[in-house]
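Numbering (this note's numbering), first residue to last: 224 to 488.
A virtual CB, placed ideally from N, CA and C, is assigned to each residue, including glycine.
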Ligand code: NAP
């Protein structure tokens, strides 16, 4: 059994890293580790899954509770015992696959989202669902997110938060233009997992940015992108069921009256 740790560079994360290395009786190696610990927040988790897509992940939040961390620093000691005793269960987080046809053909998997953007110019895209034309989009770009990614960039764009157990993905506009001449749906569109979203270049200007979670690629001569549910998952471990609604409250509603009341109790 081999394990590796991807850690944020802060004091607490570094201390937890040393605690794990001291206690876990397995080989510490970046060469195809079976287990990867992510110490930090959701951003750290994204880095970890893109580096080691085949591993089983243990997300430990060393700051606020995130959407990809099932353990806190107070759990570390018992977690290590549980790993040795194999007392944990695995969940599967869905990924999106995006196939890009540009000067070069490329393929990526995303845990949060993919976006296609062109901040300096109006991006014109033909949007199709399962090869059926939906609309001609004009604006800055579009974001396509997973259920677990729905609380990230998608939420800032006015997209809906999706329950993680839903097998669905979401298309959200980034500053779509709406006038008497141009029209877009203007609301997030949530579709089930067996669908395909295709975006084709409608404008002459074809240099656009693709983002895949925390990565970005400059696409030259962009033609088309197809986004589907991937047939791969990210494997994440857990030993307790943190209520989805609690994660949402702890992430986004710290200042609401009810939460203040709960903190005082
Ligand atoms: P980052 O600093 O690692 O992440 C940006 C913020 O997004 C952090 O606060 C991170 O939480 C949070 N985050 C990431 N995944 C999340 C999730 N599934 N649910 C809720 N919050 C989440 O920056 P980065 O390296 O560029 O990360 C890329 C991610 O940032 C993208 O996948 C995108 O979703 C997000 N992003 C958001 C905006 C926006 O909201 N306007 C713009 C660009 C990118 P932690 O503090 O726990 O790490």
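Within the same chain, show all residues whose beta-carbon is closer than 8 Å to that of residue i, passing over the 5 residues directly before and after it, in chain order.
{"i": "residue 247", "result": "226, 303, 306 and 307"}
{"i": "residue 381", "result": "395 and 411"}
{"i": "residue 295", "result": "283, 284 and 288"}
Report yes if the C-beta of residue i is less than 7 Å from at least one heavy atom of the ligand NAP; otherwise report no.
{"i": "residue 281", "result": "no"}
{"i": "residue 376", "result": "yes"}
{"i": "residue 264", "result": "yes"}
{"i": "residue 452", "result": "no"}
{"i": "residue 314", "result": "no"}
{"i": "residue 437", "result": "yes"}
{"i": "residue 290", "result": "yes"}
{"i": "residue 269", "result": "yes"}
{"i": "residue 336", "result": "yes"}
{"i": "residue 320", "result": "no"}
{"i": "residue 388", "result": "no"}
{"i": "residue 372", "result": "yes"}
{"i": "residue 301", "result": "no"}
{"i": "residue 379", "result": "yes"}
Let me check understanding here. Comparing Cα to Cα, which of the options lies closest to residue i?
{"i": "residue 435", "options": "273, 228 and 345", "result": "273"}
{"i": "residue 426", "options": "446, 414 and 408", "result": "446"}
{"i": "residue 537", "options": "366, 315, 457 and 417", "result": "The structure shown has nothing for residue 537, since the chain only spans 224 to 488."}
{"i": "residue 343", "options": "398, 268 and 317", "result": "398"}
{"i": "residue 333", "options": "461, 237 and 393", "result": "393"}
{"i": "residue 350", "options": "384, 409 and 375", "result": "409"}
{"i": "residue 238", "options": "299, 271, 269 and 413", "result": "299"}
{"i": "residue 453", "options": "440, 391 and 475", "result": "391"}
{"i": "residue 493", "options": "254, 315 and 271", "result": "Given that the chain is displayed from residue 224 to residue 488, the structure contains no residue 493 and the question cannot be resolved."}
{"i": "residue 231", "options": "277, 285, 331 and 355", "result": "285"}
{"i": "residue 319", "options": "464, 442, 463 and 417", "result": "417"}
{"i": "residue 389", "options": "414, 400 and 377", "result": "414"}
{"i": "residue 429", "options": "378, 325 and 249", "result": "325"}
{"i": "residue 311", "options": "377, 423 and 461", "result": "461"}
{"i": "residue 470", "options": "249, 268, 276 and 292", "result": "292"}
{"i": "residue 257", "options": "458, 283 and 355", "result": "458"}
{"i": "residue 402", "options": "276, 362, 379 and 443", "result": "362"}
{"i": "residue 423", "options": "316, 309, 275 and 323", "result": "323"}
{"i": "residue 279", "options": "407, 266 and 309", "result": "309"}
{"i": "residue 356", "options": "277, 466, 421 and 290", "result": "421"}
{"i": "residue 449", "options": "330, 404 and 379", "result": "330"}
{"i": "residue 378", "options": "224, 233, 475 and 277", "result": "475"}
{"i": "residue 233", "options": "267, 463, 353 and 255", "result": "267"}
{"i": "residue 444", "options": "341, 467, 387 and 368", "result": "341"}
Might you give, ordered along the chain, the residues of its own chain that have their beta carbon closer than 6 Å to the beta carbon of residue i, omitting 5 neighbours on each side?
{"i": "residue 473", "result": "288"}
{"i": "residue 335", "result": "372, 375 and 436"}
{"i": "residue 385", "result": "370 and 373"}
{"i": "residue 451", "result": "320 and 419"}
{"i": "residue 235", "result": "285"}
{"i": "residue 405", "result": "361"}
{"i": "residue 264", "result": "286 and 289"}
{"i": "residue 400", "result": "361 and 362"}
{"i": "residue 345", "result": "361"}
Spatial neighbours of residue i within its chain, please: C-beta separation below 7 Å, excluding the five flanking residues on both sides.
{"i": "residue 244", "result": "251"}
{"i": "residue 359", "result": "347, 349 and 425"}
{"i": "residue 253", "result": "227"}
{"i": "residue 455", "result": "318 and 332"}
{"i": "residue 240", "result": "228, 230 and 262"}
{"i": "residue 314", "result": "459 and 461"}
{"i": "residue 297", "result": "none"}
Counting only runs that start and end within the segment 232-274, where is the beta strand (DSSP E) found for 3 or more residues in a row?
With a minimum length of 3 residues, the continuous beta strand (DSSP E) runs that stay inside the segment 232-274 are 258-263.
Runs of alpha helix (DSSP H) lying entirely within the segment 405-486, each at least 4 residues, in chain order:
Considered as a whole, the segment 405-486 harbours 467-475 as its complete alpha helix (DSSP H) runs of no fewer than 4 residues, in chain order.
What ranges does the alpha helix (DSSP H) occupy inside the segment 270-343, keeping only unbroken runs of at least 4 residues that lie completely in it?
If only complete runs of 4 or more residues are kept, the segment 270-343 shows the alpha helix (DSSP H) at 299-307, in order along the chain.
Mind pulling the alpha helix (DSSP H) runs of 4 or more residues that sit fully within the segment 350-401?
Runs of the alpha helix (DSSP H) inside the segment 350-401: 376-379.
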